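Residue numbering for the sequence shown follows the UniProt record's numbering, starting at 1 and increasing by one per position.
Report on the following structure.
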Amino acid sequence: MWWSAASNHGLSVDEVAKEIAGKKLPKDYEVLCSILGIRPHPGLVATEDCLAVRNHVLDLGTMKTLSVGLPASQITRLIFHNAAVPVDQLRAALTKRPLDVLQLDYNGPTGIPELLSDLNAKSVSLRGNNLGADLAPAIEENWYCEALNLFDNKLDDAAGVAIFGAIRRNVQLKHVSLAHNHLGEATAMAALETLGGGVCDDVGAYEAAVARLDALNKQRQKKKAKPLPQLAPLVDPPQPTAEKQKKTWALANERLMTVNLSSNKILDFQPLLGSLVKDIGCNTGKLTAELARRFAPRYCVGVDIDKQLVTRARGLAEKAAREHADAVVAAAKRARNAIEGVLGLPALPYPHNLWFQVEDVRNLRDHSFDVICAFSVTKWVHIAHGDDGLVSAFRAVFEALKPGGRFVFEPQMWSSYQKARSKEKSINLASLRIRPPDFPALLVDTIGFKRVDHLGTPDDPEIPPGFRRPIYSALK
Numbered sequence: 001m002w003w004s005a006a007s008n009h010g011l012s013v014d015e016v017a018k019e020i021a022g023k024k025l026p027k028d029y030e031v032l033c034s035i036l037g038i039r040p041h042p043g044l045v046a047t048e049d050c051l052a053v054r055n056h057v058l059d060l061g062t063m064k065t066l067s068v069g070l071p072a073s074q075i076t077r078l079i080f081h082n083a084a085v086p087v088d089q090l091r092a093a094l095t096k097r098p099l100d101v102l103q104l105d106y107n108g109p110t111g112i113p114e115l116l117s118d119l120n121a122k123s124v125s126l127r128g129n130n131l132g133a134d135l136a137p138a139i140e141e142n143w144y145c146e147a148l149n150l151f152d153n154k155l156d157d158a159a160g161v162a163i164f165g166a167i168r169r170n171v172q173l174k175h176v177s178l179a180h181n182h183l184g185e186a187t188a189m190a191a192l193e194t195l196g197g198g199v200c201d202d203v204g205a206y207e208a209a210v211a212r213l214d215a216l217n218k219q220r221q222k223k224k225a226k227p228l229p230q231l232a233p234l235v236d237p238p239q240p241t242a243e244k245q246k247k248t249w250a251l252a253n254e255r256l257m258t259v260n261l262s263s264n265k266i267l268d269f270q271p272l273l274g275s276l277v278k279d280i281g282c283n284t285g286k287l288t289a290e291l292a293r294r295f296a297p298r299y300c301v302g303v304d305i306d307k308q309l310v311t312r313a314r315g316l317a318e319k320a321a322r323e324h325a326d327a328v329v330a331a332a333k334r335a336r337n338a339i340e341g342v343l344g345l346p347a348l349p350y351p352h353n354l355w356f357q358v359e360d361v362r363n364l365r366d367h368s369f370d371v372i373c374a375f376s377v378t379k380w381v382h383i384a385h386g387d388d389g390l391v392s393a394f395r396a397v398f399e400a401l402k403p404g405g406r407f408v409f410e411p412q413m414w415s416s417y418q419k420a421r422s423k424e425k426s427i428n429l430a431s432l433r434i435r436p437p438d439f440p441a442l443l444v445d446t447i448g449f450k451r452v453d454h455l456g457t458p459d460d461p462e463i464p465p466g467f468r469r470p471i472y473s474a475l476k
């Protein structure tokens, strides 16, 4: 997978030709630029086969004239930017008309789902049209499109989840951009399941997609055309929770290469994808394993000072490795390719991205982590080692993070310290001067973090009240 670099944009036309001759840039350069939201180099953009209308309203008469001429023309790329195109007229003109690129940007939502359902185009850009979840069925049904750009459509999580559900059942899409929308964690999880596999909530929709694909391939066989690839299969659930829910585990969309979710609400707290993650105070490893499975970090290591707990956690990792053999691991390896393509990092599939080791939080050995987590642990460090020990632990975390890394922590309430004191008698609570509400200011003023953000407080009624604590993220 190729990712844009600044060096590609300063090249002359002749230099670009040499780059292409050396196979450093792919044939679908312009498509990738559209998906990634960057300006393609002018030396790579053809003009003789392209009709472009920008910032000019097309009246109905002009559109009818274009519609008559399009089927017989050599045009393979249509670009309409802020042109108020009558979509119904365009749809009629493009019936059974193959295109390499259709760009219909800032045109409004009317008629676009119907247009996309019928469209035969390899690359489709629908930027800035205020589209919604009703686009999802059209995405699922269109098995011509290989690159889809939904940049700046004000899509929310409901639309994002529906769209990724459709993408999981589309065997043609390779590149998708939902950048500059209003997407959050639910969409991020749907995207990760599309890349790496997850619980299939709608087996009926999956089976209908398989039947539709089979019918289409029979038609293609009669025409001696190359068959479309099969949908990834359904397998037995690898997770105990999934087994309890009696749902099926659907493998990943193995064709998908690029997913761009930049400039959404997600990434202020979606730093785990492709990252090096350490979970301090991992206990028996259940939360660490869930981080490694759900958020696809490049590597996730849980540490605890208790050797017995670490031994139990390693048993959990080894059991997960046995449960995720064969088909599920194969799907995760395909997801690894997509993660590498977007982030330029080597990635391991779950559970091979998970390990545990004995380590004291005050003396962290490796200083290369993107994210360090500390859930339900600061109180125990504070009680066992006092104010100085807590500050030492925070300094060790700071040193172990890369620049730009995040420390995600969950301070326990001071009222819970007295109860915990009965288990840990090595410190006198009266000697403690630092209180949990002081932690954010301490991390900035004393330790050196740039800022501390409050990520929220869990409100799930299934979480016991004592565990509904505020969660913070400190940025190095």
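Glycine is no exception: its CB is placed at the ideal position from the N, C-alpha and C atoms.
Source: prediction; values computed, not measured.
Going by CA-CA distance only, name the one from V377, L364, S431 that's closest to G386.
Locating residue 386 in the sequence shown gives position 386, where the first residue counts as 1. For G386, the nearest C-alpha among the options comes from S431.
Here's a check: name, in chain order, each residue in its chain whose Cβ is nearer than 8 Å to the Cβ of V171, leaving out the five neighbours to either side.
Taking the first residue of the sequence shown as 1, we reach residue 171 at position 171. If we look at V171 and ignore the five residues flanking it on each side, its Cβ neighbours are W143, L213, L228, P229, Q230, L231, N253, R255.
Nearest by alpha-carbon distance to R77: which of S117, K122, A92 is it?
The residue given as residue 77 occupies position 77 in the sequence shown. Measuring from the Cα of R77, the nearest candidate turns out to be K122.
Could you have a look at G165 and say whether DSSP puts it in helix, strand or coil?
Locating residue 165 in the sequence shown gives position 165, where the first residue counts as 1. In this structure, G165 counts as helix in the three-state DSSP scheme.
Take V277 and list the residues in its own chain whose beta-carbon comes closer than 6 Å to its own, dropping the five residues that flank it on each side.
Residue 277 sits at position 277 when you count from the first residue of the sequence shown. These residues qualify, in order along the chain: P297, C300, V371.
Quick one: Cα of A147 to Cα of K379, how far?
To locate residue 147, count along the sequence shown from 1; it is residue 147. To locate residue 379, count along the sequence shown from 1; it is residue 379. About 49 Å.
Tell me, which residues are paired with W355 by DSSP?
Reading the sequence shown from its first residue, position 355 is the one you call residue 355. Beta-bridge pairing links W355 to V301.
Throw me the rounded Cβ distance for the V358 and I280 pair, which I believe falls under 8 Å.
As a working note, residue 358 is residue 358 in the sequence shown. As a working note, residue 280 is residue 280 in the sequence shown. That pair is no contact at about 12 Å.
Measure the alpha-carbon distance for T187 versus H81 and round it to whole angstroms.
Translated into positions along the sequence shown, residue 187 becomes position 187. Translated into positions along the sequence shown, residue 81 becomes position 81. Each residue's alpha carbon lies about 27 Å from the other.
So who's on the other strand from A296, going by DSSP bridges?
Here residue 296 refers to the residue found at position 296 of the sequence shown. A296 pairs with nothing; no bridge assigned.
What distance in whole Å lies between the Cβ atoms of G405 and residue 513, which are believed to be in contact at a cut-off of 8 Å?
For the chain, the structure presents residues 1 to 476; residue 513 sits outside this window and is missing.
Once the 5 residues before and after N363 are set aside, which same chain residues still bring their CB inside 8 Å of it?
Residue numbering aside, residue 363 sits at position 363 when the sequence shown is read from its first letter. Contacts found: A396.
Go ahead and pull the three-state DSSP assignment for Y144.
The sequence position of residue 144 within the sequence shown is 144, counting from 1. Of the three classes helix, strand and coil, the one that applies to Y144 here is coil, per DSSP.
Grouping DSSP H, G and I as helix and E and B as strand, with all else coil, what is Q219?
As a position in the sequence shown, residue 219 is number 219, starting the count at 1. Three-state DSSP puts Q219 in a helix.
Just the Cα atoms here: how many angstroms apart are P233 and G184?
Walking along the sequence shown from the start, residue 233 turns up at place 233. Walking along the sequence shown from the start, residue 184 turns up at place 184. When rounded, the distance between both Cα atoms is 28 Å.
I need the straight-line Cα distance from P351 to E290, nearest angstrom please.
Counting from one through the sequence shown, the residue named residue 351 turns up at place 351. Counting from one through the sequence shown, the residue named residue 290 turns up at place 290. Taking the straight line from one Cα to the other gives about 10 Å.
Mind checking whether H182 and L155 have CB atoms under 8 Å apart?
Numbered from 1 along the sequence shown, position 182 holds the residue referred to as residue 182. Numbered from 1 along the sequence shown, position 155 holds the residue referred to as residue 155. Going by C-beta atoms, H182 is nearer than 8 Å to L155.
Within the continuous beta strand (DSSP E) that includes V371, where are the two ends?
Walking along the sequence shown from the start, residue 371 turns up at place 371. V371 -> beta strand (DSSP E) spans 369 to 375.
In angstroms with no decimal places, state the Cα-to-Cα distance between D459 and R468.
Residue mapping note: residue 459 aligns to position 459 of the sequence shown, counting from 1. Residue mapping note: residue 468 aligns to position 468 of the sequence shown, counting from 1. The alpha-carbon atoms of D459 and R468 are separated by roughly 7 Å.
Out of L401, V381, K402, state which residue places its alpha-carbon closest to the alpha-carbon of S392.
Translated into the one-based positions of the sequence shown, residue 392 becomes position 392. When only C-alpha atoms are compared, the closest one is V381.
Note down the Cα distance separating K222 from V176, rounded to an integer number of angstroms.
Within the sequence shown, the letter at position 222 stands for residue 222. Within the sequence shown, the letter at position 176 stands for residue 176. Distance between the alpha carbons of K222 and V176: 31 Å.
When we look at the beta-carbon of K174 and count the other beta-carbons within 10 Å, is it buried (16 or more) or exposed?
Within the sequence shown, the letter at position 174 stands for residue 174. Label assigned to K174: buried.
So for I471, helix, strand or coil by DSSP?
Counted from its first residue, the sequence shown places residue 471 at position 471. In this structure, I471 counts as strand in the three-state DSSP scheme.
What does N260 pair with, by DSSP beta-bridge criteria?
Position 260 of the sequence shown holds residue 260. In DSSP, N260 forms a bridge with S177.
Start and end of the alpha helix (DSSP H) containing R395?
Here the question's residue 395 lines up with position 395 in the sequence shown. Its alpha helix (DSSP H) spans residues 378 to 400.
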